[in-house]
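*Asks:* So that we are looking at the same thing, I have put the structure below in structure tokens.
There are 2 protein chains.
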Amino acid sequence: MRIIIDAMGGDNAPGEIVKGALRAKKELGVELTLVGREEDIRACLGGENGVEIVDAREVVTMEDDPSTATRRKKDSSMTVALNLLRDGKGDAVVSAGSTGALLTGATLIVKRIKGIRRAAMAPVLPAGEHGIMLIDCGANVDCTPEYLLQFAYMGSFYAKKMMGCESPRVGLLNVGTEDTKGGELQHQAFALLKQAGDEGRINFVGNVEGTGVFAGAADVVVTDGFTGNVLLKGTEGAISFMMNALKGVFYKSTVNKLAAAVLKNDLKAMKKSMDVNEVGGTAFVGISKPVIKAHGSSKEAAFFAAIRQAVAFVNAGVVADIENNIEYMKLKAES
Amino acid sequence: MRIIIDAMGGDNAPGEIVKGALRAKKELGVELTLVGREEDIRACLGGENGVEIVDAREVVTMEDDPSTATRRKKDSSMTVALNLLRDGKGDAVVSAGSTGALLTGATLIVKRIKGIRRAAMAPVLPAGEHGIMLIDCGANVDCTPEYLLQFAYMGSFYAKKMMGCESPRVGLLNVGTEDTKGGELQHQAFALLKQAGDEGRINFVGNVEGTGVFAGAADVVVTDGFTGNVLLKGTEGAISFMMNALKGVFYKSTVNKLAAAVLKNDLKAMKKSMDVNEVGGTAFVGISKPVIKAHGSSKEAAFFAAIRQAVAFVNAGVVADIENNIEYMKLKAES
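Here it is as structure tokens:
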């Protein structure tokens with residue numbers, strides 16, 4: 663398997679990106695294509711051989727307009743990497759660059775799976791027995807009921823193959839658990855998901871509240887990208903707020919400091935287990951070939967985890983699952 | 663000042679409700695009207711005198727349809743309490759009963775402030791320098807840009823008078839901080855809030871992301887009730903998830919248990935400082951007289967805090983602020 667790496671994307675590129683990639687080569691046995699400024703990449707390789715480098719002179723930055731970046735910067739590492747994937751020169755792309763640019767680029771260059779209306783950003787939260795997929799988390803601010811139906815199917819396939827859920831429980835994010843909760847989008851999506859559940863195609867467990875997400879009320883939480891994005895970032899903020907408060911307690915006095923020192927390793931392990939970056943990157947579900955977004959602040963370990971996820975994604979055949987079921991995922995044109 | 667208490671609302675009614683009310687009578691010097699089954703209330707009073715009791719035979723429960731409960735149960739403690747407030751027999755209502763029923767009842771019986779399109783549920787999160795108001799958190803699933811403009815003004819007045827913010831920073835909850843982020847609702851609301859900011863009527867600081875909420879990027883975070891509800895409950899769930907993980911660390915070994923025992927009191931204080939119930943109840947902003955919702959699980963301390971908030975709300979004159987500025991809060995009818 664060959665993984666195409668956008669070596670220039672992210673806050674710590676190319677150094678940490680190349681490090682993570684080389685670790686994946688060694689530990690996972692993947693072949694690498696590193697895309698970016700050749701001289702910069704070579705400087706990071708430390709004489710390592712057997713790595714393909716594809717030169718690309720430009721870099722997509724956070725200042726670039728995400729909707730036009732990959733088109734305007736045709737010689738950027740991101741654009742060139744996506745072109746290589748489209749042309750069959752590798753099995754997956756992993757990038758820590760701009761989320762919006764990568765998503766737009768993946769959609770324009772690699773294209774969506776035929777019949778899929780919108781690709782979704784679907785991170786897996788480190789909670790519950792198998793992790794919890796939140797789909798969508800920001801790719802699509804405005805959603806139709808059909809998008810949400812497709813997210814439900816795609817998330818279900820992903821959870822089954824990638825998260826080890828035998829029969830993934832799919833929930834619709836809402837303001838209450840009763841069937842009638844929410845607005846027009848939720849009412850219509852609920853009806854579609856219920857029908858898919860009744861037909862035995864997904865395991866729909868109904869509406870899930872915000873409190874239910876981390877409590878593991880569902881394995882796949884379906885939502886529009888606006889709400890999902892706010893929820894994801896909001897919980898990230900709340901946890902970070904609490905971590906700071908905790909730090910305040912630990913440093914409050916000498917006695918506290920000593921007690922905290924005893925707990926230090928276990929707390930570190932806990933923090934690590936809750937770190938979304940440790941799970942890997944975020945899959946763009948619905949794109950016709952695997953494109954994985956690593957966190958922008960990725961260092962070696964996080965980027966390695968994202969590549970590991972890309973490998974699993976390729977092996978799992980989630981794209982084929984979606985293609986084989988696309989007829990159930992489309993609304994009939996109104997007669 | 664006389665506070666009208668729905669003595670039968672909440673999981674711990676009437677016992678803990680009456681206890682919290684009596685504490686408020688003693689410590690805050692308020693007069694009390696306790697509404698509910700007289701014999702049940704008397705049994706909780708322990709011979710305490712100087713408390714008015716208004717008998718009401720029914721109770722609004724969580725099983726009642728919120729949209730019709732106060733109308734159908736005309737002799738419920740909630741309905742009678744709201745009628746007393748409307749008729750000027752007290753200065754505020756405090757209830758730990760069904761949120762939806764109380765909001766509908768307040769809107770139908772006490773009525774909104776003239777010109778206000780929708781009342782909002784606006785809890786104050788225990789973060790930032792003065793707390794952070796999230797408006798709306800579930801009263802209005804579907805919102806128009808005008809609703810959000812009104813939430814911004816109402817939140818701003820509240821934060822100034824109730825939270826001690828000199829010039830409350832008003833932010834619009836969005837998927838990014840750039841001005842152009844979000845969907846149609848956010849684009850239109852942004853333009854209205856920016857205009858109000860440019861005219862010096864509110865201190866609009868632009869878009870705020872989920873991560874920014876707990877980081878204190880704004881004192882008043884404006885959003886539709888769907889997103890606000892998911893965010894509020896989602897962060898509640900995330901914090902509770904983390905608390906459990908923390909407990910796991912503390913109980914992991916005898917050594918850890920000993921270390922945790924040292925930190926116990928400071929951790930308790932931290933937990934308390936982050937407890938939304940300690941701040942008091944949630945104000946229904948936009949209703950013509952103060953109606954405060956206490957948490958359904960309120961015990962004495964939380965219910966006392968909700969009454970304390972009602973007293974502050976009455977004294978602050980937030981309703982008058984809104985009435986005096988209503989002209990700026992309405993969109994001109996399209997010509």
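Taken in order, these protein sequences are the chains called A and B.
The first sequence stops at residue 997 when you use this note's numbering, and every number in between is there.
The second sequence stops at residue 997 when you use this note's numbering, and every number in between is there.
Where a beta carbon is used, it is the ideal one built from N, C-alpha and C, also for glycine.
Considering just the uninterrupted stretch of the beta strand (DSSP E) at residue 670 of chain B, what are its terminal residues?
*Replies:* Taking the second sequence and counting its residues from 1, one reaches residue 670 of chain B at position 8. That residue, residue 670 of chain B, is in no beta strand (DSSP E); it is neither H nor E in DSSP.
*Asks:* Quick check for students: name the residue ranges of the beta strand (DSSP E) that lie wholly in the region 834-874 of chain A, counting only runs of 3 or more.
*Replies:* DSSP runs (the beta strand (DSSP E)) wholly in the region 834-874 of chain A: 865-870.
*Asks:* Looking only at its own chain, which residues have a Cβ that is under 6 Å from the Cβ of residue 997 of chain A, when we skip the five neighbours before and after it?
*Replies:* Here residue 997 of chain A corresponds to residue number 335 of the first sequence, with the count starting at 1. Because the pLDDT of residue 997 of chain A is 41, which lies under 50, any placement of that residue in the model is unreliable, and the number read from its coordinates should be weighed accordingly. So no residue of the chain qualifies.
*Asks:* Cβ atoms of residue 755 of chain B and residue 830 of chain B: under 8 Å apart, would you say?
*Replies:* As a working mapping, residue 830 of chain B is identified with position 168 in the second sequence. As a working mapping, residue 755 of chain B is identified with position 93 in the second sequence. Not in contact: residue 830 of chain B and residue 755 of chain B (Cβ atoms no closer than 8 Å).
*Asks:* Does the contact criterion of 3 or more C-beta pairs under 8 Å hold for the region 718-727 of chain A versus the region 745-761 of chain A?
*Replies:* Touching, yes, given that three or more Cβ pairs across the two stretches are closer than 8 Å.
*Asks:* Could you tell me which residues DSSP puts in a beta bridge with residue 946 of chain A?
*Replies:* Position 284 of the first sequence holds residue 946 of chain A. In the DSSP output, where bridge partners are listed per residue, residue 946 of chain A has A:783.
*Asks:* Could you work out which residues of chain A lie near residue 1019 of chain B, taking near to mean beta carbons separated by less than 7 Å?
*Replies:* Residue 1019 of chain B lies beyond the residue range present for chain B, which begins at 663 and ends at 997; the question has no answer from this structure.
*Asks:* Per DSSP, which one or two residues make a beta bridge with residue 757 of chain A?
*Replies:* Taking the first sequence and counting its residues from 1, one reaches residue 757 of chain A at position 95. Beta-bridge pairing links residue 757 of chain A to A:668, A:955.
*Asks:* At the 8 Å Cβ level, is residue 725 of chain B part of the contact set with chain A, yes or no?
*Replies:* Residue mapping note: residue 725 of chain B aligns to position 63 of the second sequence, counting from 1. Answer no: the Cβ-Cβ gap between residue 725 of chain B and chain A never drops below 8 Å.
*Asks:* Counting only beta-carbon separations shorter than 8 Å, does residue 895 of chain B have a partner in chain A?
*Replies:* Along the second sequence, one-based indexing puts residue 895 of chain B at 233. Yes - at least one Cβ of chain A is within 8 Å of the one on residue 895 of chain B.
*Asks:* What separation, rounded to the nearest whole angstrom, lies between the Cα atoms of residue 801 of chain B and residue 886 of chain A?
*Replies:* Taking the second sequence and counting its residues from 1, one reaches residue 801 of chain B at position 139. Taking the first sequence and counting its residues from 1, one reaches residue 886 of chain A at position 224. Roughly 20 Å separates the two Cα atoms.
*Asks:* Which residues in chain A have a C-beta closer than 7 Å to the C-beta of residue 845 of chain B? List them in chain order.
*Replies:* The residue you call residue 845 of chain B lines up with position 183 of the second sequence. Under the 7 Å cutoff, chain A gives 803, 804, 888.
*Asks:* When the distance is taken between beta carbons, is residue 784 of chain A closer than 8 Å to residue 795 of chain A?
*Replies:* For this step, residue 795 of chain A is matched to residue 133 along the first sequence. For this step, residue 784 of chain A is matched to residue 122 along the first sequence. Yes. Within cutoff.
*Asks:* Is it right to say residue 936 of chain A is buried, meaning 16 or more other beta carbons lie within 10 angstroms of its own, or is it exposed?
*Replies:* Looking up residue 936 of chain A in the first sequence gives position 274. It counts as buried.
*Asks:* Find the residues of chain A that neighbour residue 928 of chain B, judging by a C-beta separation of less than 7 Å, and give them in chain order.
*Replies:* The residue you call residue 928 of chain B lines up with position 266 of the second sequence. Simply 911, 914, 918.
*Asks:* Residues in its own chain within less than 6 Å of residue 888 of chain B by CB, not counting five upstream and five downstream?
*Replies:* Numbered from 1 along the second sequence, position 226 holds the residue referred to as residue 888 of chain B. Once the five neighbours on either side are set aside, the close Cβ partners of residue 888 of chain B are 803.
*Asks:* Any beta-carbon of chain A closer than 8 Å to the one on residue 732 of chain B?
*Replies:* As a position in the second sequence, residue 732 of chain B is number 70, starting the count at 1. For residue 732 of chain B, the answer is no, since every Cβ of chain A falls outside 8 Å of its Cβ.
*Asks:* Below 8 Å on the Cβ atoms is my guess for residue 651 of chain B versus residue 673 of chain B; work out the distance and round it to an integer in Å.
*Replies:* Coverage of chain B is limited to positions 663 through 997, which leaves residue 651 of chain B absent and any answer about it impossible.
*Asks:* In the DSSP assignment, find the beta strand (DSSP E) that holds residue 883 of chain A and state where it starts and stops.
*Replies:* Taking the first sequence and counting its residues from 1, one reaches residue 883 of chain A at position 221. Start and end: 882-884.
*Asks:* DSSP state of residue 806 of chain A, grouped into three classes?
*Replies:* Position 144 of the first sequence, counted from the first residue, corresponds to residue 806 of chain A. Coil.
*Asks:* Taking 7 Å as the line, does the beta carbon of residue 687 of chain B fall inside it for any heavy atom of the ligand MG?
*Replies:* As for the ligand MG, it is missing from this structure, which has no ligand bound.
*Asks:* Is it true that the CB of residue 980 of chain B sits closer than 8 Å to the CB of residue 820 of chain B?
*Replies:* Looking up residue 820 of chain B in the second sequence gives position 158. Looking up residue 980 of chain B in the second sequence gives position 318. For residue 820 of chain B and residue 980 of chain B, yes; Cβs fall inside 8 Å.
*Asks:* Give me the Cα-Cα distance between residue 735 of chain A and residue 743 of chain A, rounded to the nearest whole angstrom.
*Replies:* For the purposes of this step, residue 735 of chain A is identified with residue 73 of the first sequence, where counting begins at 1. For the purposes of this step, residue 743 of chain A is identified with residue 81 of the first sequence, where counting begins at 1. Cα-Cα distance, rounded: 12 Å.
*Asks:* Is the beta carbon of residue 942 of chain A closer than 8 Å to that of residue 971 of chain A?
*Replies:* Numbered from its first residue, the first sequence carries residue 971 of chain A at position 309. Numbered from its first residue, the first sequence carries residue 942 of chain A at position 280. Their beta carbons are under 8 Å apart, which means residue 971 of chain A touches residue 942 of chain A by this criterion.
*Asks:* Which residues bound the beta strand (DSSP E) around residue 714 of chain A?
*Replies:* The residue given as residue 714 of chain A occupies position 52 in the first sequence. 714-717 is the span of the beta strand (DSSP E), which, as asked, contains residue 714 of chain A.
*Asks:* Using a C-beta cutoff of 8 Å, does residue 866 of chain A count as contacting chain B?
*Replies:* The residue you call residue 866 of chain A lines up with position 204 of the first sequence. So no, residue 866 of chain A is outside the interface.
*Asks:* Would residue 924 of chain B and residue 918 of chain B be called neighbours here (beta carbons separated by less than 8 Å)?
*Replies:* In the second sequence, counting from the first residue as 1, residue 924 of chain B sits at position 262. In the second sequence, counting from the first residue as 1, residue 918 of chain B sits at position 256. Not closer than 8 Å, so no.
*Asks:* Could you name the residues that DSSP lists as bridge partners for residue 797 of chain B?
*Replies:* Translated into the one-based positions of the second sequence, residue 797 of chain B becomes position 135. The partner list for residue 797 of chain B (beta bridge, DSSP) reads B:884.
*Asks:* Taking DSSP as the reference, what is the three-state secondary structure of residue 698 of chain B?
*Replies:* Your numbering for residue 698 of chain B matches position 36 in the second sequence. Residue 698 of chain B falls in the strand class under three-state DSSP.
*Asks:* Just grab the DSSP bridge partners of residue 774 of chain B for me.
*Replies:* Residue mapping note: residue 774 of chain B aligns to position 112 of the second sequence, counting from 1. DSSP output for residue 774 of chain B lists B:949 as bridge partner(s).
*Asks:* In its own chain, which residues sit with a C-beta less than 8 Å from the C-beta of residue 684 of chain B, not counting the 5 before and 5 after it?
*Replies:* Position 22 of the second sequence, counted from the start, is the residue given in the question as residue 684 of chain B. For residue 684 of chain B, where only same-chain residues beyond five positions count, the Cβ hits under 8 Å are 694, 707, 710, 713.
*Asks:* Within 8 Å of any Cβ in chain B, is that where the Cβ of residue 824 of chain A sits?
*Replies:* Counting from 1 along the first sequence, the entry for residue 824 of chain A is found at position 162. No - not a single Cβ of chain B is within 8 Å of the one on residue 824 of chain A.
*Asks:* Taking CB distances under 8 Å as the criterion, tell me whether residue 904 of chain B reaches chain A.
*Replies:* For the purposes of this step, residue 904 of chain B is taken as residue 242 along the second sequence, with counting starting at 1. At least one chain A Cβ lies under 8 Å of residue 904 of chain B.
*Asks:* Measure how close the beta-carbons of residue 765 of chain A and residue 946 of chain A come, nearest whole angstrom, since I'm counting them as under 8 Å.
*Replies:* Position 103 of the first sequence, counted from the first residue, corresponds to residue 765 of chain A. Position 284 of the first sequence, counted from the first residue, corresponds to residue 946 of chain A. Indeed, because the Cβ distance is near 6 Å, the residues count as touching under 8 Å.
*Asks:* Between residue 719 of chain B and residue 699 of chain B, is the Cβ-Cβ spacing less than 8 Å?
*Replies:* As a working mapping, residue 719 of chain B is identified with position 57 in the second sequence. As a working mapping, residue 699 of chain B is identified with position 37 in the second sequence. Result yes, Cβ atoms of residue 719 of chain B and residue 699 of chain B sit closer than 8 Å.
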